[in-house]
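Below is one structure, written out as structure tokens; comments come after it.
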Amino acid sequence: MGDLMKRQFNVLDLSGHNFLEWTVDAQMNLKAQGLDHTIKDIMVPGTTEIKTATEQEKAKATVLIRHHLHDSLKTEYLMVENPKELWDSLKERYGHHKKVLLPKAQFDWTNLRFQDFKCVSEYNSTLFKIVSLLRYCDQAVTEDQMIEKTLSTFHANNILLQQQYRERGFKRYSELISLLLVAEQNNDLLLKNHNLRPTGSMAFNEANAVESSNPPEANVAHRGGRGRFNHRGKGRGNHRGRGRGRGRGYLGPRNNNHKGHQQGNQKHTPSKEKDTCFRCGMTGHWGKTCRTAKHLVDLYQASIKGKGKVAEANYVDEENPSRPSFDVSDFFNDHPDSGNDLIFGDNSNI
110 MGDLMKRQFN VLDLSGHNFL EWTVDAQMNL KAQGLDHTIK DIMVPGTTEI KTATEQEKAK
170 ATVLIRHHLH DSLKTEYLMV ENPKELWDSL KERYGHHKKV LLPKAQFDWT NLRFQDFKCV
230 SEYNSTLFKI VSLLRYCDQA VTEDQMIEKT LSTFHANNIL LQQQYRERGF KRYSELISLL
290 LVAEQNNDLL LKNHNLRPTG SMAFNEANAV ESSNPPEANV AHRGGRGRFN HRGKGRGNHR
350 GRGRGRGRGY LGPRNNNHKG HQQGNQKHTP SKEKDTCFRC GMTGHWGKTC RTAKHLVDLY
410 QASIKGKGKV AEANYVDEEN PSRPSFDVSD FFNDHPDSGN DLIFGDNSNI
């Protein structure tokens, strides 16, 4: 039945690790409903008397507290009907958490350093968490202590920046942390703009290219008339044919030479998609309409600068190489002493 009521804050865990948050939330809800005098003594305004709670107010306060307890705690304090008695029992049971949390909070405060965090927001969140625990454990932390903790833990490379912040003379920690957050955001924007493109280059203009698979054909003009018509376009000459009857724009059979001439002329037209730009080496545009950045054009021109000067040597192997030709006289010995003998092999005469 109690689960049907909507909870206003988180329940108190059995371990009591959230007792600090639960205590604050419970007190605020009881005060908002005018039931805070049911758990602590409150003086009546203008008198020295203690405000007394009625049975109905006690019941409302008890229902509110029990509705935000763990099920095991509800069973343990089942017979407690007085809200002040229930409140004091919970405080006595989990009040020792101050002694447990204080050494850890002091250790975290001592070792807290601004240079150990990647961003200002993470450091700010951790600092306030530690400060809240210290104040809950009755350890006061002033604004000057938080400012000094932040400035004294800057990185060694930021000594000059730390001195400039000290000269500002901040009186509140919120002023210092606001300035650090703005400076961090400006630095991030500066780095993004620097890494956007190389230094000295210009932003690229957006260019949209549309490639058509069916190039437009030549314009055709039809002359209406009686019997004859003229068929004119970007092809060669005029093509005439006989029409049938009256009417304007009758076009005869399309299997003529006119379309062939048009396609022939279009093949010789230079295409942007196939030609290469002489400035940047890219396809899709001509050199006179090239919008490539100058530093990219210079790199491309430098890469092709010496390619045309390299001499190329080609080796040609003929299929039928020239062979020495012999005559019949080459086989006779022309020596005057030996006569005209035919020579074969190793100087053997016949």
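Each residue of the sequence shown is one higher than the one before, counting from 110 in my numbering. From the three backbone atoms N, C-alpha and C, an ideal C-beta is built for every residue, glycine too. No experiment lies behind these values; they were computed from the predicted model shown.
Expected contact under 8 Å - CB spacing of residue i and residue j to nearest Å
{"i": "Val229", "j": "Ile286", "result": "7 Å"}
{"i": "Val120", "j": "His179", "result": "6 Å"}
{"i": "Leu170", "j": "Leu187", "result": "Before going on, a small fix: residue 170 reads as Ala here, not Leu. Not confirmed; about 17 Å, so no contact."}
{"i": "Leu260", "j": "Arg275", "result": "6 Å"}
{"i": "Leu243", "j": "Leu182", "result": "Actually they are not in contact, since the Cβ atoms of Leu243 and Leu182 sit about 27 Å apart, beyond 8 Å."}
Collapsed DSSP secondary structure at residue i in the structure displayed
{"i": "Arg332", "result": "Because Arg332 carries a pLDDT of 49, less than 50, the predicted location of this residue cannot be relied on, and the following value inherits that uncertainty. Reduced to three states, the DSSP call for Arg332 is coil."}
{"i": "Thr398", "result": "helix"}
{"i": "Ile413", "result": "coil"}
{"i": "Thr147", "result": "helix"}
{"i": "Met391", "result": "coil"}
{"i": "Thr308", "result": "coil"}
{"i": "Thr259", "result": "helix"}
{"i": "Thr385", "result": "strand"}
{"i": "Thr184", "result": "helix"}
{"i": "His370", "result": "With a pLDDT of 47 at His370, under the threshold of 50, the modelled position of this residue cannot be trusted; read the value that follows with caution. Three-state DSSP puts His370 in a helix."}
{"i": "Lys208", "result": "helix"}
{"i": "Thr171", "result": "helix"}
{"i": "Lys213", "result": "helix"}
{"i": "Arg116", "result": "coil"}
{"i": "Gln254", "result": "helix"}
{"i": "Val406", "result": "helix"}
{"i": "Gln294", "result": "helix"}
N- and C-terminal bounds of the alpha helix (DSSP H) containing residue i
{"i": "Ile92", "result": "Nothing about residue 92 can be read from this structure; the chain reaches only from 110 to 459."}
{"i": "Thr163", "result": "Note, Thr163: premise wrong, no alpha helix (DSSP H); not H, not E."}
{"i": "Arg222", "result": "Arg222 -> no alpha helix (DSSP H), and no H or E assigned at all."}
{"i": "Met137", "result": "Phe128 to Ala141"}
{"i": "Leu199", "result": "Pro192 to Tyr203"}
Beta-bridge partners of residue i, as assigned by DSSP
{"i": "Met76", "result": "Nothing can be reported for residue 76: it is not among the residues displayed for the chain, which extend from 110 to 459."}
{"i": "Leu178", "result": "Leu121"}
Near the ligand ATP: residue i beta-carbon under 7 Å from a heavy atom
{"i": "Ile239", "result": "Because no ligand of any kind appears in the structure shown, any question about the ligand ATP cannot be addressed here."}
Whole alpha helix (DSSP H) elements within the segment 261-292, 4-residue minimum:
268-277
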